[in-house]
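There are 2 protein chains.
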Amino acid sequence: LRGTLAHATSPSTIEVLRDALVVVTDGVITNIVQGADADALQSTLHDVTQLAEDSILLPGFVDTHVHPAQVTFAGSGTDRPLLGPTGWLECYTYPAERAWADPTVAAEVSGAVVRRALKHGCTTAVYFGTIHLEGTLKLVDACLEQGLRAVVGKVCMDRCSPADYVESTEASLSDMEAFVQATIAKAEVAHPNGPLVHPALTPRFIPTCSTALLAGLGEIARKYNGSDGGDGGSRANKVFVQSHIAQSADQLAFVEQLHPGQRDAALFDAAGLLTDRCVLAHAMHLDESELQLIARRKSALAFCPLSNVFHTEKPASTLDAPNAWRCGCNVGLATDTAGGYAPSMLHACRTAVIASRCLHKDTTVDWKYAFWLATRGGAAALSMPIGGFEVGNEFDAQLVDPSAGDPPEEAMALGVLEKYVNLGDDRNVAAVWVRGKQV
Amino acid sequence: LRGTLAHATSPSTIEVLRDALVVVTDGVITNIVQGADADALQSTLHDVTQLAEDSILLPGFVDTHVHPAQVTFAGSGTDRPLLGPTGWLECYTYPAERAWADPTVAAEVSGAVVRRALKHGCTTAVYFGTIHLEGTLKLVDACLEQGLRAVVGKVCMDRCSPADYVESTEASLSDMEAFVQATIAKAEVAHPNGPLVHPALTPRFIPTCSTALLAGLGEIARKYNGSDGGDGGSRANKVFVQSHIAQSADQLAFVEQLHPGQRDAALFDAAGLLTDRCVLAHAMHLDESELQLIARRKSALAFCPLSNVFHTEKPASTLDAPNAWRCGCNVGLATDTAGGYAPSMLHACRTAVIASRCLHKDTTVDWKYAFWLATRGGAAALSMPIGGFEVGNEFDAQLVDPSAGDPPEEAMALGVLEKYVNLGDDRNVAAVWVRGKQV
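If you read the protein sequences in the order shown, they are chains D and B. Read left to right, the first sequence gives residues -18 to 420 (the numbering used here). Read left to right, the second sequence gives residues -18 to 420 (the numbering used here).
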């Protein structure tokens, strides 16, 4: 492709490459040149797409935490607490997730969620499924069919859950391992040169998982990741871990009640779940020593600004992403649909900026920082070679058309990218590529 | 029209009227009936529009503070302070406003801004123009041509302003009075039965207006409002007042430097500008006694959650709307484009909720409260008979199509209005009426 590229090169720097020629071979960027060099190289190539003059090619967004089964009630129940008999989990989440006992429902909802992610310029998503093995495999199928890069987990929960939405410890572990094996097999068939979809061990959160379940999941992690060839995880199908951590005051109190004197991070670590492919969502109530533990283990955090605002005490708190980076943690951005109502990473960027301005005195997430989190941050959190345009990275990208959608032309004249981050929506996404393939 | 209507009846109550027949005569709601009564009445009427089954008719939004000349840079410069040589006013605002010295530019931008307001379901807007008499009259023309209900002001500023974007006190007052007369005349011609567009005296903010200018504006207010017939202001063309008040720490410091020991509210009051048709934007640094003064004068506040977050110190503050209501002030919601980047009142609703959760411990703006502010609050702030569906109110409405735009159908199944407020966009606005006329 030839045209204008832009990507984040640091939390405060956006690099714009005008009239750049990016060469993609087997999904990997093999060359990027500009100007006269581009003319010379282009004459040797036979298949070059010229991008529209005012359009701009960006890295695809990496959404590090999403609950596909919950989108059916997205936009509802934002005024409820997380826990308790009239809480959000009881009244909205569990009923929506139970519906995935029917694989047909799971397939239909999954198809719509994946379509919507791509439409919004998201090329990689980290998905929380439900406790259903077959239902969550439909989510894997939807990702593979539509070509979305994804980390997908079947949820594990063996206690402190509704009587009709819970597993035994044994069933949870055996279904989880079956899910890992099936996902690895499906991904291998779909992409023999390297998986696009990865399985994730997915304890819901500490309160709904017995110590035995957590320990069993830790064993699965060791078993499947022990013989990694060290190629960075892109081509090998490593098993990820995902969960929620330190999300709200009532969740912390619940953990204290179940595990007196202990906190989330130490409990995950004791089970062997803080791996270098672990993504923990929320994390706004971690202290500095917990952030440092997570950094030492090379685990990562998913910053969910919109849902953080709703599912905490009031005044709300959110993860201070710059501070977490300072402590050495990789942090990605996330929509957390439907804990947050908006499926768009643009909305997550905007909310991250607003929340930072409202809540954090000493650190600032501005629009550039948010864009960096939404691309580079997510790539780092998942240890994937994406998030920016460099030789050797896989080509996951979105083409932004500033003239589409709602913004009037004059509003887009200064700084297309800044306007897209602040004003754009899915109408501005003209095309999307994952590993070099338009999807 | 016959179909499903919804409107706010209190800050915490949304009333849904299913299968309702609303009768509109000369732009005014003359009857609303449901069920069998609707069938009986409908048989006597010859021109009834049946609304689509899943659509919902809402009051049009009232945007109580917008700067049309600034939309050209909307989405830019959110990381700058308000004042100072590299500040937002100097680098973005004044250059964009200077362009309205050319009435052709003013006409073009105004046309686009008014079109966009209507497209987003906004049926009433309070517009800050520029210092240009002719340019700002183009904004009046755009409102009249497209049928938007509006309050429009030519900006007044005679000091502490750039040398090439400032007026003399005399020119400011004479242009302001000429603007008032021209707007009243144009509005009278366009709508002989009662104006849809009203002029507003518009001191930019205290620092850019000399005491003589403020006092002169107060005299104009008395002159044009003295003989009001007391019909509530809908049919008489009262002269409004609008300005900014108590917007940021650096603005307060600037006022203290210019007027030692005095603050914004008292200065406006001394000039006679706190009238019952006065709308003051921002207002987040008013103390309780200032709120009470404004309430006694029956002046109102425009709550601008998005721009408040950007144009204050950090951590940000915003107006605590429930507290201001408790003090007796009418409060409307506002986009403040381009102090805020988003032209949509839906976005203002969402930001009001997020800011309230982040910043205010003792009061809460949830989605219902925000919707109430965006409709009833704005109507109360402007003393206009709009904002809800009652006999005697003028019919300003928007028809919401939940199946349009981005939200998948299943996401709209529970509570169309809540989903629209949280997830919708301009694609969901299927039709818009102002004073009974589809626009």
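A virtual CB, placed ideally from N, CA and C, is assigned to each residue, including glycine.
For residue j and residue i, believed in contact at Cβ under 8 Å, the rounded distance
i, j, result
"residue 201 of chain B", "residue 236 of chain B", "Contact flag wrong, Cβ pair sits at about 22 Å."
"residue 383 of chain D", "residue 397 of chain D", "5 Å"
"residue 362 of chain B", "residue 283 of chain B", "7 Å"
"residue -11 of chain B", "residue 369 of chain B", "7 Å"
"residue 179 of chain D", "residue 132 of chain D", "5 Å"
"residue 327 of chain B", "residue 406 of chain B", "7 Å"
"residue 75 of chain D", "residue 143 of chain D", "5 Å"
"residue 316 of chain B", "residue 60 of chain B", "Contact doesn't hold; Cβ gap of about 19 Å is too wide."
"residue 301 of chain B", "residue 280 of chain B", "Not a contact, Cβ separation roughly 17 Å."
"residue 127 of chain D", "residue 147 of chain D", "The pair is not a contact, with the Cβ atoms about 31 Å apart (cut-off 8 Å)."
Nonlocal neighbours in the same chain, by C-beta distance under 8 Å from residue i, ignoring five residues either side
i, result
"residue 345 of chain D", "303, 337, 338"
"residue 351 of chain D", "314, 329, 330, 331, 333, 334, 402"
"residue -5 of chain B", "-13, -12, -11, 349, 352, 398"
"residue 36 of chain B", "-16, -15, 380, 381, 382, 383, 411"
"residue 209 of chain D", "Confidence at residue 209 of chain D is low in this model, with a pLDDT of 48, below 50, so the placement of that residue is unreliable and no value is reported for it."
"residue 22 of chain B", "2, 4, 12, 14"
Cut-off 6 Å between Cβ atoms - residues of its own chain near residue i, not counting five sequence neighbours on either side
i, result
"residue 154 of chain D", "197"
"residue 81 of chain B", "50, 87, 111, 113, 116"
"residue 213 of chain D", "Note on residue 213 of chain D: pLDDT 45, under 50, position unreliable in the model; no value is reported."
"residue 416 of chain D", "8, 375"
"residue 211 of chain D", "Unreliable positioning characterises residue 211 of chain D in this predicted model, as indicated by a pLDDT of 44, which lies under 50. The coordinate reading is nonetheless provided below. Excluding residues within five positions, none has a Cβ falling inside 6 Å."
"residue 145 of chain B", "none"
"residue 232 of chain B", "none"
"residue -1 of chain D", "-15"
"residue 359 of chain B", "43, 45, 313"
"residue 293 of chain D", "229"
"residue -9 of chain D", "none"
"residue 156 of chain D", "114"
Chain-ordered chain B contacts of residue i [CB-CB under 8 Å]
i, result
"residue 249 of chain D", "By Cβ distance, chain B contributes nothing, its closest Cβ being about 28 Å from residue 249 of chain D, past 8 Å."
"residue 409 of chain D", "Result: empty, since nearest Cβ-Cβ is about 12 Å, beyond 8 Å."
"residue 231 of chain D", "Those do not exist, as residue 231 of chain D stays about 15 Å from chain B at its closest Cβ, beyond 8 Å."
Beta-carbon proximity list for residue i, same chain, < 7 Å, skipping 5 on both sides
i, result
"residue 149 of chain B", "139"
"residue 191 of chain B", "139, 140, 150"
"residue 306 of chain B", "312"
"residue 100 of chain B", "407, 410"
"residue 371 of chain D", "10"
"residue 106 of chain B", "44, 47, 98, 129, 131"
"residue 68 of chain D", "61, 62"
Contacts that residue i makes with chain D (C-beta to C-beta distance below 7 Å)
i, result
"residue 339 of chain B", "290, 296, 297, 336, 339, 340"
"residue 16 of chain B", "The premise fails here: residue 16 of chain B is roughly 28 Å from chain D at the closest Cβ pair, so nothing lies under 7 Å."
Interface partners of residue i on chain B, CB under 9 Å
i, result
"residue 323 of chain D", "331, 403, 404"
"residue 387 of chain D", "97, 100, 101, 324, 325, 406, 407, 408"
Contact check, residue i vs residue j, beta carbons under 8 Å
i, j, result
"residue 253 of chain D", "residue 288 of chain D", "no"
"residue 255 of chain D", "residue 220 of chain D", "no"
"residue 290 of chain D", "residue 259 of chain D", "no"
"residue 58 of chain D", "residue 72 of chain D", "yes"
"residue 379 of chain D", "residue 39 of chain D", "yes"
"residue 239 of chain B", "residue 184 of chain B", "no"
"residue 340 of chain D", "residue 308 of chain D", "no"
"residue 42 of chain D", "residue 102 of chain D", "yes"
"residue 245 of chain B", "residue 274 of chain B", "no"
"residue 152 of chain D", "residue 118 of chain D", "no"
Cross-chain neighbours of residue i in chain D, by beta carbon under 9 Å
i, result
"residue 400 of chain B", "55, 56, 57, 322"
"residue 145 of chain B", "Within 9 Å Cβ-Cβ: nothing; residue 145 of chain B doesn't reach chain D, min ~21 Å."
Chain-ordered neighbours of residue i on chain D, where CB pairs are closer than 8 Å
i, result
"residue 301 of chain B", "Correct list: empty, because the minimum Cβ distance to chain D is about 12 Å."
"residue 348 of chain B", "59, 60"
Closer than 8 Å to chain E by CB, residue i
i, result
"residue 306 of chain B", "In the displayed structure, chain E is absent; the protein chains listed are D and B."
Amino acids of chain B, ordered along the chain, whose beta-carbon sits closer than 7 Å to that of residue i
i, result
"residue 396 of chain D", "57"
contact_flag[the segment 259 to 266 of chain B, the segment 221 to 228 of chain B] where n(CB pairs < 8 Å) is 3 or more = Touching, per the Cβ criterion.
Should the segment 117 to 136 of chain D be regarded as contacting the segment 87 to 99 of chain D, the criterion being three or more beta carbon pairs within less than 8 Å?
-> Output reads yes: the segment 87 to 99 of chain D touches the segment 117 to 136 of chain D.
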